[in-house]
Structures are given as C-alpha cells and as structure tokens.
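First comes the structure, then the notes that go with it.
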Amino acid sequence: MPQELYSVEQVASRLGLHVRTIRNYVRDGRLKAVRIGKQYRIAREDLEAFTGTSAAALEADEQSRHVEASSIVHIDAIDRAGADRISTHVMGSLNQSGIGRLRVETVYDEDRAVLKVIILGDLAPTAELLRLIDMMAAP
Numbered sequence: 001m002p003q004e005l006y007s008v009e010q011v012a013s014r015l016g017l018h019v020r021t022i023r024n025y026v027r028d029g030r031l032k033a034v035r036i037g038k039q040y041r042i043a044r045e046d047l048e049a050f051t052g053t054s055a056a057a058l059e060a061d062e063q064s065r066h067v068e069a070s071s072i073v074h075i076d077a078i079d080r081a082g083a084d085r086i087s088t089h090v091m092g093s094l095n096q097s098g099i100g101r102l103r104v105e106t107v108y109d110e111d112r113a114v115l116k117v118i119i120l121g122d123l124a125p126t127a128e129l130l131r132l133i134d135m136m137a138a139p
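Anchor point for the sequence shown: position 122 equals 122 in full-length UniProt numbering, and the numbering is continuous, going up by one each time.
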C-alpha cells in the first residue's frame, strides 16, 4: 500500500497555518517530514501524530466553509493597570469551553499609553469578545 504524502502547502492549508510556520515545525523537528528533492513531504501518519487527530477529520474540516474575522482594537489614553486589567479579562475569556477558534494577542505601548488587542477567529466568539472589550474600555 503506497504511503500518502502531503506537501507543506497542503498541510498549511489543512491546519489553517502559514507555509513558513509548517516549514519551521519541520526544521525544528516538531513535525516529521522527508525531503524529496528540494521539497518536504509529510506522511499521513506523521500529520495525524502531530495534530492528534485523523487526516480524514482534517480533510472534512478543509472541505467545509470556514468564516473568520480579524480585528484590531486600539485603546488609547490607558495606563498600565487598565491595560493589564483588560488583557487579563480578555485572555481569561478564552478559557471558556466551546468558544470556537479564536486567537488573541495584546500589546501595550507604555510610551504612547496605547493597548492593542488583535483578534482572529470565528465570528460569534469574536463579536462576544469585542462586546467585552467595549464594556471594559468605556471611560
């Protein structure tokens, strides 16, 4: 039985990651791959071991439509304590079960007194998180 191999591009698409991220995983040894010519190929079994799920489930996810929002919230005139309070609540809200796909980063620039919250993810949890930030950022 021939072994099923995926290209770095195919794996990146299935996992919703950038191609460079997958290449870095391979180079770091986190994702097992073989080099064929100048290209990496990832075996189905290695992809399943890396993700902890079957490749069939990844394929089903890939074929279904996925809608995602990206938002950057800019809060100015905020001190360190206020920025920490908002960041803590935002990050804590991510620990809810069933929240969906959501990635969040917060960056505070002390010199400018600006907090930025970067949100990438499913529409419903993004909207809920934006409502939370709106309530907390109100003067």
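The beta-carbon is built from N, C-alpha and C at its ideal position, and this holds for glycine as well.
Backbone CA spacing between residue i and residue j [nearest angstrom]
{"i": "Ile118", "j": "Arg112", "result": "17 angstroms"}
{"i": "Arg35", "j": "His18", "result": "19 angstroms"}
{"i": "Val107", "j": "Lys116", "result": "5 angstroms"}
{"i": "Leu130", "j": "Glu68", "result": "14 angstroms"}
{"i": "Asp79", "j": "Met91", "result": "18 angstroms"}
{"i": "Gln96", "j": "Glu110", "result": "30 angstroms"}
{"i": "Thr53", "j": "Ala83", "result": "37 angstroms"}
{"i": "Arg30", "j": "Pro139", "result": "45 angstroms"}
{"i": "Ala81", "j": "Ala49", "result": "42 angstroms"}
Contact set for residue i: own chain, Cβ-Cβ below 6 angstroms, skip 5 residues either direction
{"i": "Tyr40", "result": "Val8, Val26, Ala33"}
{"i": "Leu120", "result": "Ser70, Arg103"}
Inter-residue CB distance, residue i and residue j (contact presumed, cutoff 8 angstroms)
{"i": "Ile86", "j": "Ala137", "result": "7 angstroms"}
{"i": "Val104", "j": "Asp76", "result": "At roughly 19 angstroms, the Cβ-Cβ gap does not stay under 8 angstroms, so Val104 and Asp76 are not in contact."}
{"i": "Asp102", "j": "Ala43", "result": "According to the sequence displayed, residue 102 carries Leu and not Asp. 30 angstroms between Cβ atoms; not a contact."}
{"i": "Leu132", "j": "His89", "result": "7 angstroms"}
{"i": "Thr126", "j": "Ser71", "result": "6 angstroms"}
{"i": "Asp134", "j": "Gly100", "result": "Not a contact, Cβ separation roughly 19 angstroms."}
Residue of the options minimising C-alpha distance to residue i
{"i": "His66", "options": "Ser13, Lys38, Asp109", "result": "Ser13"}
{"i": "Lys38", "options": "Glu48, Leu47, Arg23", "result": "Arg23"}
{"i": "Ala3", "options": "Val11, Thr21, Glu45, Ser71", "result": "Here residue 3 turns out to be Gln, not Ala, going by the sequence shown. If we check each option's Cα against that of Gln3, Glu45 comes out closest."}
{"i": "Gln10", "options": "Ile99, Leu120, Leu47", "result": "Leu47"}
Residues near residue i in its chain [Cβ-Cβ closer than 7 angstroms; skip 5 each side]
{"i": "Ser93", "result": "Leu129, Leu132"}
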